[in-house]
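Heads up, the sequence shown is in this note's numbering, so the first residue is 144 and it goes up one at a time.
Cβ atoms here follow ideal geometry from the backbone N, Cα and C, with glycine treated the same way.
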Amino acid sequence: MSGSDTGRRRRWTDDEKVRIVEESHRAGVTLAKVARRHEISRSMLYDWRYRHKLGLLGCPAPFVR
Numbered sequence: 144m145s146g147s148d149t150g151r152r153r154r155w156t157d158d159e160k161v162r163i164v165e166e167s168h169r170a171g172v173t174l175a176k177v178a179r180r181h182e183i184s185r186s187m188l189y190d191w192r193y194r195h196k197l198g199l200l201g202c203p204a205p206f207v208r
């Protein structure tokens with residue numbers, strides 16, 4: 144994204160998140176490089192990896208009253 148973008152947040156599909164997480168697990172690839180390539184923060188990628196590990200990636204958030 145360039146500085147002239149509208150500032151809107153990118154919405155990633157569950158399939159895209161899983162693909163990016165799987166890419167981050169490849170041998171010889173650093174998490175930082177994958178995050179940069181997809182223009183996401185490392186912390187977001189860490190969160191996606193953690194949620195994927197728990198089987199929660201793509202699941203709706205639990206209802207909280």
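First and last residue of the uninterrupted alpha helix (DSSP H) at Arg154: Per DSSP, Arg154 belongs to no alpha helix (DSSP H) and is neither H nor E.
Any idea what DSSP makes of Ser174, helix, strand or coil? The residue you asked about is not Ser; residue 174 is Leu in the sequence shown. Leu174: helix per DSSP, three-state reduction.
With a 10 Å radius around its C-beta and 16 neighbouring C-beta atoms as the bar for buried, classify His195 as buried or exposed. Result: buried.
With burial defined as no fewer than 16 other Cβ atoms inside 10 Å of the residue's Cβ, what is the status of Ser186: buried or exposed? Counting Cβ neighbours within 10 Å, Ser186 comes out exposed, since fewer than 16 surround it.
Identify whether Leu200 lies in helix, strand or coil by the three-state DSSP scheme. Coil.
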